[in-house]
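Below is one structure, written out as C-alpha coordinates, with a few remarks after it.
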Amino acid sequence: MSRVHMAYPLVLLMMAITLSMLLTADSTRPLQPIQVVYLGRISTQVDRPYQSFIKALNGLDDPLRRRIRVTFVEAMTATAWRFEAAAEQAIRLGPDVIIAPNTAAARAMRPFGQRMPPVIFASFMDPVRYGVIDRTSERTEPITGVWIADDLDSKRLELLRDAYPGIRSVAVLMDRDWAKNSDAADRLPRAAHQLGLTVETLLAEDMAEATRLLDALHPHAFDAWLLPPSGLAYLSSTALLERLRAWQRPVIVGNTQDVVQGAPLSYMVDEDFRYAVMVELLRRVMNGEPAGSIPVERPPTPKLAVNAFPMAGFPPPDKAVVLRADVVVR
5 MSRVHMAYPL
15 VLLMMAITLS
25 MLLTADSTRP
35 LQPIQVVYLG
45 RISTQVDRPY
55 QSFIKALNGL
65 DDPLRRRIRV
75 TFVEAMTATA
85 WRFEAAAEQA
95 IRLGPDVIIA
105 PNTAAARAMR
115 PFGQRMPPVI
125 FASFMDPVRY
135 GVIDRTSERT
145 EPITGVWIAD
155 DLDSKRLELL
165 RDAYPGIRSV
175 AVLMDRDWAK
185 NSDAADRLPR
195 AAHQLGLTVE
205 TLLAEDMAEA
215 TRLLDALHPH
225 AFDAWLLPPS
235 GLAYLSSTAL
245 LERLRAWQRP
255 VIVGNTQDVV
265 QGAPLSYMVD
275 EDFRYAVMVE
285 LLRRVMNGEP
295 AGSIPVERPP
305 TPKLAVNAFP
315 MAGFPPPDKA
325 VVLRADVVVR
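If you use the numbering used here, the sequence shown corresponds to residues 5 to 334, in order.
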(Lines of atoms letter the chains of each structure in order from A and count residues from 1; the text may use other names and numbers.)
(Lines give C-alpha, C1' and ligand atoms only; values in the text may rest on other atoms or scores of the structure.)
Protein backbone atom coordinates (compact mmCIF):
# COMPACT_ATOMS: atom_id res chain seq x y z
CA MET A 1 0.00 0.00 0.00
CA SER A 2 1.39 3.46 -0.92
CA ARG A 3 2.16 6.06 1.70
CA VAL A 4 -0.60 8.25 0.28
CA HIS A 5 -3.20 5.50 0.76
CA MET A 6 -1.91 4.82 4.28
CA ALA A 7 -2.01 8.52 5.22
CA TYR A 8 -5.57 9.13 3.97
CA PRO A 9 -7.40 7.20 6.74
CA LEU A 10 -5.14 8.85 9.30
CA VAL A 11 -6.07 12.31 7.98
CA LEU A 12 -9.78 11.43 8.19
CA LEU A 13 -9.32 10.20 11.76
CA MET A 14 -7.53 13.39 12.77
CA MET A 15 -10.26 15.50 11.15
CA ALA A 16 -12.95 13.56 13.01
CA ILE A 17 -11.12 13.98 16.33
CA THR A 18 -10.66 17.72 15.71
CA LEU A 19 -14.33 18.18 14.79
CA SER A 20 -15.40 16.26 17.90
CA MET A 21 -13.20 18.46 20.08
CA LEU A 22 -14.64 21.61 18.50
CA LEU A 23 -18.21 20.44 19.01
CA THR A 24 -17.48 19.49 22.61
CA ALA A 25 -15.87 22.85 23.29
CA ASP A 26 -18.84 24.63 21.69
CA SER A 27 -21.35 22.66 23.75
CA THR A 28 -19.60 23.51 27.01
CA ARG A 29 -19.17 27.21 26.16
CA PRO A 30 -21.46 29.36 28.36
CA LEU A 31 -24.46 30.68 26.44
CA GLN A 32 -24.76 34.43 26.13
CA PRO A 33 -27.26 36.10 28.49
CA ILE A 34 -30.47 37.41 26.96
CA GLN A 35 -30.73 41.10 27.80
CA VAL A 36 -34.28 42.37 28.32
CA VAL A 37 -35.18 46.00 29.09
CA TYR A 38 -38.47 46.74 30.86
CA LEU A 39 -39.89 50.27 30.57
CA GLY A 40 -41.48 50.69 33.98
CA ARG A 41 -42.77 53.08 36.62
CA ILE A 42 -40.58 54.62 39.37
CA SER A 43 -38.81 51.45 40.57
CA THR A 44 -39.05 47.69 40.79
CA GLN A 45 -40.24 48.03 44.39
CA VAL A 46 -43.44 49.95 43.53
CA ASP A 47 -44.19 48.94 39.93
CA ARG A 48 -46.90 46.28 40.34
CA PRO A 49 -47.09 45.37 36.61
CA TYR A 50 -43.32 44.83 36.59
CA GLN A 51 -43.60 42.56 39.61
CA SER A 52 -46.39 40.59 37.90
CA PHE A 53 -44.29 40.27 34.75
CA ILE A 54 -41.30 38.95 36.71
CA LYS A 55 -43.55 36.49 38.53
CA ALA A 56 -44.83 35.18 35.20
CA LEU A 57 -41.28 35.09 33.84
CA ASN A 58 -40.07 33.06 36.81
CA GLY A 59 -42.74 30.50 35.99
CA LEU A 60 -41.40 30.02 32.46
CA ASP A 61 -40.59 26.35 31.98
CA ASP A 62 -37.85 26.83 29.43
CA PRO A 63 -34.01 26.72 29.52
CA LEU A 64 -34.10 30.29 28.22
CA ARG A 65 -35.20 31.54 31.64
CA ARG A 66 -31.75 30.98 33.15
CA ARG A 67 -30.24 33.23 30.48
CA ILE A 68 -32.68 36.15 30.74
CA ARG A 69 -31.44 39.29 32.51
CA VAL A 70 -34.01 42.07 33.01
CA THR A 71 -32.97 45.72 33.29
CA PHE A 72 -35.56 48.17 34.62
CA VAL A 73 -35.65 51.59 32.93
CA GLU A 74 -37.84 54.28 34.49
CA ALA A 75 -40.36 55.48 31.90
CA MET A 76 -42.71 57.03 34.47
CA THR A 77 -41.76 58.97 37.57
CA ALA A 78 -44.15 59.48 40.47
CA THR A 79 -45.63 62.54 38.76
CA ALA A 80 -44.66 62.52 35.08
CA TRP A 81 -44.04 60.46 31.95
CA ARG A 82 -40.65 60.23 30.24
CA PHE A 83 -41.34 57.63 27.59
CA GLU A 84 -39.26 59.15 24.78
CA ALA A 85 -36.18 59.53 26.99
CA ALA A 86 -36.67 56.00 28.34
CA ALA A 87 -36.98 54.61 24.81
CA GLU A 88 -33.70 56.25 23.80
CA GLN A 89 -32.02 54.92 26.94
CA ALA A 90 -33.32 51.43 26.19
CA ILE A 91 -31.94 51.54 22.64
CA ARG A 92 -28.52 52.66 23.91
CA LEU A 93 -28.39 49.64 26.23
CA GLY A 94 -28.52 47.37 23.18
CA PRO A 95 -30.93 44.75 24.56
CA ASP A 96 -32.21 41.67 22.79
CA VAL A 97 -35.83 42.53 23.63
CA ILE A 98 -37.69 45.55 25.03
CA ILE A 99 -40.84 45.13 27.13
CA ALA A 100 -43.26 48.07 26.76
CA PRO A 101 -46.06 47.39 29.27
CA ASN A 102 -48.44 50.14 28.16
CA THR A 103 -49.56 51.99 25.05
CA ALA A 104 -47.48 55.13 25.53
CA ALA A 105 -44.27 53.17 26.15
CA ALA A 106 -44.89 51.08 23.04
CA ARG A 107 -45.62 54.13 20.90
CA ALA A 108 -42.38 55.77 22.06
CA MET A 109 -40.47 52.88 20.47
CA ARG A 110 -42.09 53.35 17.05
CA PRO A 111 -39.74 56.09 15.70
CA PHE A 112 -36.77 53.73 15.96
CA GLY A 113 -38.26 51.47 13.26
CA GLN A 114 -35.95 48.72 12.10
CA ARG A 115 -33.19 49.99 14.41
CA MET A 116 -35.03 48.72 17.46
CA PRO A 117 -34.76 45.18 18.79
CA PRO A 118 -37.94 43.10 19.09
CA VAL A 119 -40.52 44.90 21.24
CA ILE A 120 -43.28 43.17 23.20
CA PHE A 121 -46.08 45.48 24.32
CA ALA A 122 -49.34 45.52 26.24
CA SER A 123 -51.99 48.09 25.35
CA PHE A 124 -55.43 48.92 26.69
CA MET A 125 -55.98 51.14 23.65
CA ASP A 126 -56.27 50.16 19.99
CA PRO A 127 -52.57 49.79 19.02
CA VAL A 128 -53.29 50.50 15.34
CA ARG A 129 -55.35 53.61 15.97
CA TYR A 130 -52.88 54.83 18.59
CA GLY A 131 -49.86 54.41 16.31
CA VAL A 132 -48.07 51.50 17.96
CA ILE A 133 -48.33 49.16 14.95
CA ASP A 134 -49.68 49.25 11.39
CA ARG A 135 -51.85 46.15 11.72
CA THR A 136 -52.62 43.42 14.23
CA SER A 137 -51.74 40.65 11.78
CA GLU A 138 -48.26 40.27 10.23
CA ARG A 139 -46.18 43.45 10.36
CA THR A 140 -42.87 44.74 8.99
CA GLU A 141 -41.77 46.31 12.28
CA PRO A 142 -40.23 43.96 14.90
CA ILE A 143 -43.03 44.32 17.42
CA THR A 144 -45.84 42.21 18.84
CA GLY A 145 -47.87 42.14 22.00
CA VAL A 146 -51.22 42.06 23.76
CA TRP A 147 -54.18 44.30 22.92
CA ILE A 148 -56.34 44.29 26.01
CA ALA A 149 -59.04 46.08 23.99
CA ASP A 150 -60.58 47.92 26.91
CA ASP A 151 -63.83 49.42 25.62
CA LEU A 152 -65.56 48.55 28.87
CA ASP A 153 -66.47 51.96 30.28
CA SER A 154 -70.15 51.63 29.30
CA LYS A 155 -70.28 48.28 31.08
CA ARG A 156 -68.54 49.83 34.09
CA LEU A 157 -71.31 52.43 34.27
CA GLU A 158 -73.90 49.65 34.27
CA LEU A 159 -72.13 47.73 37.03
CA LEU A 160 -71.72 50.91 39.08
CA ARG A 161 -75.47 51.55 38.80
CA ASP A 162 -76.22 47.93 39.78
CA ALA A 163 -73.86 48.09 42.77
CA TYR A 164 -75.34 51.40 43.95
CA PRO A 165 -78.95 51.56 42.69
CA GLY A 166 -79.59 54.96 44.26
CA ILE A 167 -77.03 56.89 42.21
CA ARG A 168 -78.09 59.30 39.47
CA SER A 169 -75.00 61.32 38.53
CA VAL A 170 -71.55 59.91 37.71
CA ALA A 171 -68.21 61.63 37.11
CA VAL A 172 -65.75 59.81 34.85
CA LEU A 173 -62.15 60.90 35.45
CA MET A 174 -59.60 60.03 32.76
CA ASP A 175 -56.75 61.49 30.74
CA ARG A 176 -57.23 62.98 27.28
CA ASP A 177 -55.72 60.08 25.37
CA TRP A 178 -58.18 57.67 26.96
CA ALA A 179 -61.07 60.03 26.23
CA LYS A 180 -60.04 60.29 22.59
CA ASN A 181 -59.41 56.62 21.99
CA SER A 182 -62.51 55.40 23.82
CA ASP A 183 -64.82 57.96 22.17
CA ALA A 184 -65.91 58.89 25.68
CA ALA A 185 -67.66 62.12 24.69
CA ASP A 186 -69.99 60.22 22.37
CA ARG A 187 -70.38 56.79 23.95
CA LEU A 188 -70.67 57.53 27.66
CA PRO A 189 -73.61 59.98 27.56
CA ARG A 190 -75.60 57.55 25.42
CA ALA A 191 -74.82 54.64 27.73
CA ALA A 192 -75.64 56.72 30.80
CA HIS A 193 -78.98 57.83 29.34
CA GLN A 194 -80.00 54.21 28.75
CA LEU A 195 -79.19 53.47 32.41
CA GLY A 196 -81.13 56.42 33.78
CA LEU A 197 -77.93 58.26 34.72
CA THR A 198 -76.26 61.53 33.87
CA VAL A 199 -72.52 61.50 33.27
CA GLU A 200 -69.79 64.12 33.09
CA THR A 201 -66.32 63.41 31.73
CA LEU A 202 -63.49 65.12 33.63
CA LEU A 203 -60.04 65.27 32.02
CA ALA A 204 -56.64 65.47 33.72
CA GLU A 205 -53.19 64.45 32.52
CA ASP A 206 -51.58 63.96 35.92
CA MET A 207 -52.31 64.06 39.63
CA ALA A 208 -51.49 67.77 39.87
CA GLU A 209 -54.14 68.64 37.29
CA ALA A 210 -56.58 66.16 38.84
CA THR A 211 -56.04 67.73 42.27
CA ARG A 212 -56.86 71.20 40.94
CA LEU A 213 -59.98 69.80 39.31
CA LEU A 214 -61.10 67.97 42.46
CA ASP A 215 -60.37 70.98 44.67
CA ALA A 216 -62.87 72.98 42.60
CA LEU A 217 -65.66 70.44 43.20
CA HIS A 218 -67.99 69.99 46.13
CA PRO A 219 -67.54 66.47 47.58
CA HIS A 220 -71.18 65.68 46.78
CA ALA A 221 -71.17 67.17 43.28
CA PHE A 222 -71.58 63.64 41.90
CA ASP A 223 -73.22 60.57 43.37
CA ALA A 224 -70.48 58.22 42.16
CA TRP A 225 -67.23 58.03 40.20
CA LEU A 226 -65.71 55.92 37.44
CA LEU A 227 -61.91 55.70 37.03
CA PRO A 228 -61.06 53.94 33.75
CA PRO A 229 -57.57 52.37 33.53
CA SER A 230 -56.10 55.39 31.75
CA GLY A 231 -52.56 56.61 32.25
CA LEU A 232 -53.83 58.95 34.94
CA ALA A 233 -55.25 56.09 37.01
CA TYR A 234 -52.19 53.95 36.28
CA LEU A 235 -49.95 56.60 37.81
CA SER A 236 -52.21 57.93 40.54
CA SER A 237 -54.94 55.45 41.49
CA THR A 238 -53.92 55.36 45.16
CA ALA A 239 -54.14 59.13 45.58
CA LEU A 240 -57.37 59.40 43.58
CA LEU A 241 -59.07 56.63 45.52
CA GLU A 242 -57.99 58.16 48.82
CA ARG A 243 -59.65 61.43 47.80
CA LEU A 244 -62.91 59.69 46.82
CA ARG A 245 -62.81 57.61 50.00
CA ALA A 246 -62.60 60.80 52.06
CA TRP A 247 -65.66 62.03 50.16
CA GLN A 248 -67.43 58.71 50.86
CA ARG A 249 -68.27 58.30 47.18
CA PRO A 250 -68.95 54.99 45.41
CA VAL A 251 -66.39 54.23 42.71
CA ILE A 252 -65.65 51.62 40.08
CA VAL A 253 -62.12 51.22 38.70
CA GLY A 254 -60.43 49.33 35.89
CA ASN A 255 -57.81 47.49 37.92
CA THR A 256 -58.50 44.41 40.05
CA GLN A 257 -55.47 45.15 42.24
CA ASP A 258 -57.15 48.33 43.46
CA VAL A 259 -60.06 46.20 44.69
CA VAL A 260 -57.66 43.90 46.51
CA GLN A 261 -56.32 47.00 48.26
CA GLY A 262 -59.75 48.28 49.29
CA ALA A 263 -61.66 49.85 46.37
CA PRO A 264 -65.28 48.64 46.05
CA LEU A 265 -65.31 47.14 42.56
CA SER A 266 -63.55 46.88 39.23
CA TYR A 267 -64.22 45.49 35.78
CA MET A 268 -61.27 44.49 33.64
CA VAL A 269 -59.61 41.68 31.78
CA ASP A 270 -57.60 39.31 33.94
CA GLU A 271 -54.15 40.78 34.59
CA ASP A 272 -52.61 37.32 34.70
CA PHE A 273 -53.51 36.90 31.03
CA ARG A 274 -51.47 39.93 30.04
CA TYR A 275 -48.25 38.91 31.76
CA ALA A 276 -48.41 35.21 30.90
CA VAL A 277 -48.92 36.05 27.22
CA MET A 278 -46.08 38.60 27.20
CA VAL A 279 -43.73 35.98 28.64
CA GLU A 280 -44.86 33.44 26.05
CA LEU A 281 -44.25 36.00 23.29
CA LEU A 282 -40.77 36.62 24.74
CA ARG A 283 -40.08 32.89 24.62
CA ARG A 284 -41.19 32.65 20.99
CA VAL A 285 -39.11 35.64 19.91
CA MET A 286 -35.98 34.39 21.69
CA ASN A 287 -36.42 31.01 20.04
CA GLY A 288 -36.10 32.70 16.66
CA GLU A 289 -39.65 33.62 15.65
CA PRO A 290 -39.77 37.13 14.09
CA ALA A 291 -41.81 39.43 16.33
CA GLY A 292 -43.53 41.02 13.35
CA SER A 293 -44.87 37.65 12.19
CA ILE A 294 -46.72 36.97 15.46
CA PRO A 295 -50.34 38.23 15.52
CA VAL A 296 -51.27 40.54 18.37
CA GLU A 297 -53.01 38.59 21.13
CA ARG A 298 -56.51 39.52 22.36
CA PRO A 299 -57.95 39.13 25.87
CA PRO A 300 -60.34 36.61 27.37
CA THR A 301 -63.67 37.59 28.93
CA PRO A 302 -63.41 40.53 31.40
CA LYS A 303 -63.88 39.86 35.10
CA LEU A 304 -65.89 41.67 37.74
CA ALA A 305 -64.05 41.99 41.06
CA VAL A 306 -65.91 43.16 44.16
CA ASN A 307 -64.68 43.99 47.64
CA ALA A 308 -67.57 42.99 49.91
CA PHE A 309 -66.09 45.07 52.74
CA PRO A 310 -64.17 47.95 51.11
CA MET A 311 -61.98 50.39 53.00
CA ALA A 312 -63.78 52.61 55.49
CA GLY A 313 -65.35 55.53 53.65
CA PHE A 314 -66.36 53.60 50.55
CA PRO A 315 -70.01 52.48 50.68
CA PRO A 316 -70.27 48.68 50.34
CA PRO A 317 -71.69 47.46 47.01
CA ASP A 318 -75.10 45.83 46.75
CA LYS A 319 -75.11 42.16 47.77
CA ALA A 320 -76.62 41.13 44.42
CA VAL A 321 -73.49 42.40 42.66
CA VAL A 322 -71.25 40.60 45.14
CA LEU A 323 -73.01 37.36 44.22
CA ARG A 324 -72.43 38.04 40.50
CA ALA A 325 -68.72 38.77 40.88
CA ASP A 326 -65.98 36.62 39.36
CA VAL A 327 -63.60 37.66 42.14
CA VAL A 328 -64.76 38.53 45.67
CA VAL A 329 -62.41 40.11 48.20
CA ARG A 330 -63.50 39.89 51.84
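Positions of the beta carbon are idealized from the N, C-alpha and C atoms, including for glycine.
As the structure is a computational prediction, the values presented were derived from the model and not from experiment.
- Which residues in the same chain have their Cβ closer than 8 Å to the Cβ of ALA189, if we skip the five residues on either side of it in sequence? Taking the sequence shown and counting its residues from 1, the one referred to as residue 189 is at position 185. So the qualifying residues of the chain are ALA183 and THR205.
inquiry  = Which residue marks the beginning of the beta strand (DSSP E) containing ASN311, and which one marks its end?
reply    = Counted from its first residue, the sequence shown places residue 311 at position 307. It spans 307 to 311 - the beta strand (DSSP E) in which ASN311 sits, taken as one unbroken run.
| request: With a 10 Å radius around its C-beta and 16 neighbouring C-beta atoms as the bar for buried, classify PHE318 as buried or exposed. | output: For this step, residue 318 is matched to residue 314 along the sequence shown. Label assigned to PHE318: buried.
Would the region 136 to 149 and the region 100 to 113 be scored as touching if the rule is three or more Cβ pairs under 8 Å? yes
What does DSSP give as the partner residue(s) for PHE125 in the beta ladder? Taking the sequence shown and counting its residues from 1, the one referred to as residue 125 is at position 121. Partner(s): ALA104 and GLY149.
Do you know offhand how far GLU301's Cα is from VAL150's? Along the sequence shown, read from residue 1 onward, the residue named residue 301 stands at position 297. Along the sequence shown, read from residue 1 onward, the residue named residue 150 stands at position 146. Spanning the two alpha carbons is a distance of roughly 5 Å.
query = How about ALA212 and LEU236: do their beta carbons lie closer than 8 Å?
reply = Here residue 212 is taken as the residue at index 208 of the sequence shown, counted from 1. Here residue 236 is taken as the residue at index 232 of the sequence shown, counted from 1. Inclusion of ALA212 and LEU236 in the CB contact set at 8 Å is not warranted, their separation being larger than that value.
Checklist entry - Three or more C-beta pairs closer than 8 Å, one from the region 285 to 293 and one from the region 216 to 228: is that the case here? => result no
Item checked: Extent of the continuous beta strand (DSSP E) to which ILE298 belongs -> The residue given as residue 298 occupies position 294 in the sequence shown. Per DSSP, ILE298 belongs to no beta strand (DSSP E) and is neither H nor E.
- Task: Out of VAL40, PRO169, TRP229 and TRP85, point me to the one whose CA is closest to ARG70's CA.
- Result: Translated into positions along the sequence shown, residue 70 becomes position 66. With distances taken between Cα atoms, ARG70 lies closest to VAL40.
Tell me the rounded alpha-carbon separation between GLU92 and ARG249. For this step, residue 92 is matched to residue 88 along the sequence shown. For this step, residue 249 is matched to residue 245 along the sequence shown. Approximately 39 Å between the Cα atoms of the pair.
Report task. Could you tell me which residues DSSP pairs with TRP85 in its beta bridges? Result -> In the sequence shown, the residue the question calls residue 85 occupies position 81. Beta-bridge pairing links TRP85 to MET80.
#### Entry: Given ALA60 as reference, the closest of SER47, VAL281 and GLY170 once Cα atoms are compared
Translated into the one-based positions of the sequence shown, residue 60 becomes position 56. The shortest C-alpha separation from ALA60 is found at VAL281.
ask   = Going straight from the alpha carbon of PRO303 to that of VAL273, what length do you get?
value = The count along the sequence shown starts at 1 and reaches residue 303 at position 299. The count along the sequence shown starts at 1 and reaches residue 273 at position 269. If you take the alpha carbons of PRO303 and VAL273, they lie about 7 Å apart.
Can you give the beta carbon distance from ASP157 to LEU230, rounded, assuming they're within the 8 Å contact cut?
Here residue 157 is taken as the residue at index 153 of the sequence shown, counted from 1. Here residue 230 is taken as the residue at index 226 of the sequence shown, counted from 1. Yes, they are in contact, since the Cβ atoms of ASP157 and LEU230 sit about 7 Å apart, within 8 Å.
Three-state class that DSSP yields for ILE171 in the structure shown:
As a position in the sequence shown, residue 171 is number 167, starting the count at 1. It is coil, neither helix nor strand.
Discussion item. My assumption, with CB atoms under 8 Å, is that LEU244 sits in contact with ASP210. Please give the rounded CB distance.
Written reply: Start at 1 with the first residue of the sequence shown, and residue 244 comes out as number 240. Start at 1 with the first residue of the sequence shown, and residue 210 comes out as number 206. LEU244 to ASP210, Cβ: 11 Å. No contact.
Neighbour-count burial assignment, LEU192, 16 or more Cβ in a 10 Å radius: Locating residue 192 in the sequence shown gives position 188, where the first residue counts as 1. Around the beta carbon of LEU192, 16 or more other beta carbons sit within 10 angstroms, so the residue counts as buried.
Note to self: Among the candidates LEU68, GLN118 and SER56, whose CA atom is the shortest distance from the CA of PRO37?
What the structure shows: Stepping through the sequence shown from its first residue, residue 37 is reached at position 33. Closest option to PRO37, Cα to Cα, is LEU68.
For this session: Indicate whether VAL174 and ALA153 have their beta-carbon atoms separated by less than 8 Å.
Result: Translated into positions along the sequence shown, residue 174 becomes position 170. Translated into positions along the sequence shown, residue 153 becomes position 149. With a cutoff of 8 Å on beta-carbon distance, VAL174 and ALA153 are scored as not near each other.
*First through last residue of the alpha helix (DSSP H) which encompasses TYR54*: As a first step, residue 54 is located in the sequence shown; it is residue number 50 there, counting from the start. Counting along the chain, the alpha helix (DSSP H) containing TYR54 begins and ends at 52 to 62.
State the start and end residues of the unbroken alpha helix (DSSP H) segment that holds LEU199.
-> Here residue 199 refers to the residue found at position 195 when the sequence shown is read from its first residue. It is not in any alpha helix (DSSP H) - LEU199 carries neither H nor E in the DSSP assignment.
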